[in-house]
Structures are given as structure tokens and as C-alpha cells.
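What follows is one structure encoded as C-alpha cells, with my remarks underneath.
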Amino acid sequence: MSLRNSLKIFIIAVFLITAGCQKTDFQSPTVAPSAMRDVPALRLNYRYEADVPAPPETAKNASAEERNAAVQTDFDQNRTQELLDKT
């Protein structure tokens, strides 16, 4: 008799667990963004303000043209087979 009661309790427990784990029809599906980049900045209440001004255009061009003298000397003396590329 004890085995029969245990089996009934087990079947009822399995039924209740499976019934509790299913989705309900009353819940509306929620669409959540998969990453923060998908959320508009207005919804985050975020506004970007630079804390320093942008560098002038002349400084950008001048620094890009110059090469470090120590690096150029090393390439000229020790790496004659290699070229120093601008990146």
C-alpha cells in the first residue's frame, strides 16, 4: 500500500512541476535588446559632452607627417631589409 501511495504522490508532483514550468498565454512577450548598443541614448538618459576641445586640423596633419627619429635610425641601421610604414 505504501508503494502505491508513493507512486501517486510522485505522479502528482511531476504533473505539478511540469504544469508550473510552462508558459502562460496571459503573459505578453517582452522584446529586450540583446546589447546596450541597441538601446537609443535617449532611453538611457545619456548625453555625450567632450571635456576637452578637439585638436586643430593643423596639429593632426603635422603629427601624422613626422616620424620618430630614434625609430627611423633603428630601421636604417638594424633593419635594412624592412620598410618603416606609416600607420
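Count the sequence shown with the working numbering and you get residues 1 to 87, in order. Virtual Cβ for every residue (Gly too), placed ideally from N, Cα, C.
Rounded C-alpha distance that separates VAL39 from GLU49: Against the sequence shown, residue 39 aligns to sequence position 39. Against the sequence shown, residue 49 aligns to sequence position 49. So the two alpha carbons sit approximately 19 Å from each other.
Whole-angstrom distance between ALA32 and ASP85, CA atom to CA atom: For this step, residue 85 is matched to residue 85 along the sequence shown. For this step, residue 32 is matched to residue 32 along the sequence shown. Approximately 45 Å between the Cα atoms of the pair.
Coarse secondary structure for LYS8, derived from DSSP in three states: Taking the sequence shown and counting its residues from 1, the one referred to as residue 8 is at position 8. DSSP places LYS8 in helix when its eight states are reduced to three.
Close beta carbons around GLN72, own chain, < 7 Å, minus the five adjacent residues each side: As a first step, residue 72 is located in the sequence shown; it is residue number 72 there, counting from the start. If we look at GLN72 and ignore the five residues flanking it on each side, its Cβ neighbours are LEU84.
As assigned by DSSP and simplified to three states, the class of ASN68: Indexing the sequence shown from 1 puts residue 68 at position 68. Look at ASN68 here: in three-state DSSP terms it is coil, with no helix or strand label.
Backbone CA spacing between PRO56 and THR30 [nearest angstrom]: For the purposes of this step, residue 56 is taken as residue 56 along the sequence shown, with counting starting at 1. For the purposes of this step, residue 30 is taken as residue 30 along the sequence shown, with counting starting at 1. Taking the Cα positions, PRO56 is about 47 Å away from THR30.
DSSP-derived helix/strand/coil call for ARG37: Start at 1 with the first residue of the sequence shown, and residue 37 comes out as number 37. ARG37 falls in the helix class under three-state DSSP.
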